[in-house]
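In the working numbering, the protein residues as written are 1413 to 1966. The block underneath contains the structure these notes are about, expressed in structure tokens.
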């Protein structure tokens, strides 16, 4: 077993001899630990000393090179051989990441069938959605050009739409589809989710926790399953700060900072379902039901230490999967904020208004003169093609391993630790772009002003939008009020990102890159260090946003 890939998320210092030596409690059988007179723990490795506080466990998953993973550069992971002839079940295929996964797999690998679970009443409706929302999408134009006249025949042969619903028993599939998928499928990719930050609690729990459970139960009945890959979010970490490691979540845990964990409530999934039932039964109208369940969702997220109920229910989903997986190998992919493609199949493709896009558009229209956030906070954005490539490469890597026991592995797909981008730089790129290519010809764009107090932000926004003068007409007054209210809602909704101080360790993803051959790295770009942020925003993302969202070319 090689030691060259040990990674410590700790500060690095020159060697020192001021320590008492005793054997390190073995993690994968390797390492030496020392305790200084100051009480700090010191781990010696490769001529350097790494420190960590003894009040926390050493980030002791010492990230050794994976069991049996060593391979020469030319062989790499073996992505293409692994996927050759494999049959895949994919949920969430009509979403942003789902579409990019379908396109990349079809264009780059000789798979067998890709079964797409599509929410539809019957096979015909599922096929219509496949055609209208996937194969006719602008995203597939490169593949269409490569295949020419055979495009339709090949996509019909490879892409099998399955009418179903992941929120129903047996995934809403008919008996024929159940039997076929159960017999054929080698890999399952769970990409379906509800991503509304503060939706009704019952809807979020059903989509983000109960649905993955149903899929896992189905996976356990599949005859030839290699693994199940679950797309989560890095923000299941909640309000914890510091460096967030690639660790599985523990059932009953919470998202609070470690110093508050002992006195904070522990999450009980059964109790959460009981609260939903109680709130539902006490609501007399549909309006009351929606209002009560949204309030309950935010109250529970706040209590347990998550920024919103979307992040909380995604965490609940991870916990539930880990609890019931049995002998099913489970791969959890945790991306941060997913935005438009960086390169593949072409730069700038995007679907829907993503996390930062309403902020970008509001600023470009002159509706967001200020920002409720810290200019020196590091953003965490990752292009969708890098998330898709990481998912594909990680599936191949984990699928090729021969572990004595089925593993649960977590991969962060993030940029904050390896290629940090400050808000100050982000808004400077927006300023340059919209001044040279204004969304509204007569609109003058100023540099953003940052606020750490919401009331100050709100007052500044109202005054700036009003132009410091009284509005002459009632219509203009109402328009100004609406714009100011929108800016308030926007920044309040994204407050957690504006002041987010944690970073996401990408040790497993880094080792994935190390294990890939040169050809694999070129074909499946996963390294966030290669992103040129100025170019990405000014030449790729904003033009793509305008083309595909504002002008509606999907």
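Backbone N, C-alpha and C define an ideal beta-carbon position, used for all residues, glycine too. All of these numbers come straight from a predicted model, not from anything done at the bench.
Each residue's CA atom was taken as its position, placing residue 1853 and residue 1846 some 10 Å apart.
In the DSSP annotation of this structure, residue 1938 is not part of any beta strand (DSSP E), being labelled neither H nor E.
For residue 1641, the enclosing beta strand (DSSP E) stretches over residues 1639 to 1643. Per DSSP, residue 1723 is one residue of the alpha helix (DSSP H) stretching across 1721 to 1736. Residue 1521 and residue 1495 do touch by the CB rule: their CB atoms are close to 4 Å apart, below 8 Å. Take the alpha-carbon of residue 1753 and the one of residue 1908: they are about 25 Å apart. DSSP places residue 1791 within a strand segment (E or B) once states are collapsed to three. Only residues of its own chain outside the window of five on either side were considered, and among them 1739, 1740 and 1741 have a CB closer than 7 Å to the CB of residue 1818, listed in chain order. Within the same chain, 1824, 1826, 1829 and 1830 come within 7 Å of residue 1918 by CB-CB distance, once the 5 residues on both sides are set aside. By the C-beta criterion, the segment 1654 to 1666 is judged not to be in contact with the segment 1603 to 1612, since fewer than 3 inter-stretch pairs fall below 8 Å. When only Cα atoms are considered, residue 1915 and residue 1653 end up about 7 Å apart.
Annotation: the continuous alpha helix (DSSP H) that includes residue 1689 extends over 1681 to 1693.
According to the DSSP assignment, residue 1714 belongs to the alpha helix (DSSP H) that extends over 1698 to 1716. The way I'd put it, the segment 1744 to 1751 doesn't touch the segment 1683 to 1701; fewer than three beta-carbon pairs between them come closer than 8 Å.
By a beta-carbon distance limit of 8 Å, residue 1573 contacts residue 1542. Their separation comes to about 4 Å. Taking the CA atoms as reference points, residue 1906 sits about 10 Å from residue 1783. Where residue 1889 is concerned, the enclosing alpha helix (DSSP H) starts and stops at 1886 to 1905. Residue 1690 counts as exposed, since fewer than 16 other beta carbons sit within 10 angstroms of its beta carbon.
Short of 7 Å from the beta carbon of residue 1564, and not among the five residues preceding or following it, lies no beta carbon of its own chain. Taking all protein chains shown into account, residue 1536 has fewer than 16 neighbouring C-beta atoms within 10 Å of its C-beta and is therefore exposed. For residue 1510, the enclosing alpha helix (DSSP H) stretches over residues 1508 to 1520. Judged by beta-carbon spacing, residue 1786 lies beyond the 8 Å limit of residue 1841, meaning their Cβ atoms are not closer than that value.
Annotation: residue 1562 to residue 1877 spans about 54 Å, alpha carbon to alpha carbon.
In this model, residue 1766 and residue 1962 are separated by some 13 Å (Cα to Cα). For residue 1807 against residue 1938, the beta-carbon gap comes to about 12 Å, at or over 8 Å, which does not count as contact. Residue 1503 carries a strand assignment under DSSP once its states are collapsed to helix, strand and coil.
Here the C-alpha atom of residue 1855 lies approximately 26 Å from the C-alpha atom of residue 1867. In this chain, the beta strand (DSSP E) harbouring residue 1751 covers 1749 to 1751.
Counting along the chain, the unbroken alpha helix (DSSP H) around residue 1872 starts and ends at 1866 to 1878.
Inter-residue distance for residue 1837 and residue 1903 is about 18 Å (C-alpha atoms, whole angstroms). Straight-line measurement puts the Cα of residue 1647 at about 14 Å from the Cα of residue 1910. The alpha-carbon separation between residue 1639 and residue 1811 amounts to approximately 7 Å. In terms of CA proximity to residue 1912, 1789 leads the group 1843, 1804 and 1789. Looking at the DSSP output, residue 1573 sits in a beta bridge with 1528. Counting C-beta atoms within 10 angstroms of its own C-beta, residue 1864 has fewer than 16 neighbours from the protein chains shown and is therefore classed as exposed. The C-alpha of residue 1620 is placed about 19 Å away from the C-alpha of residue 1692.
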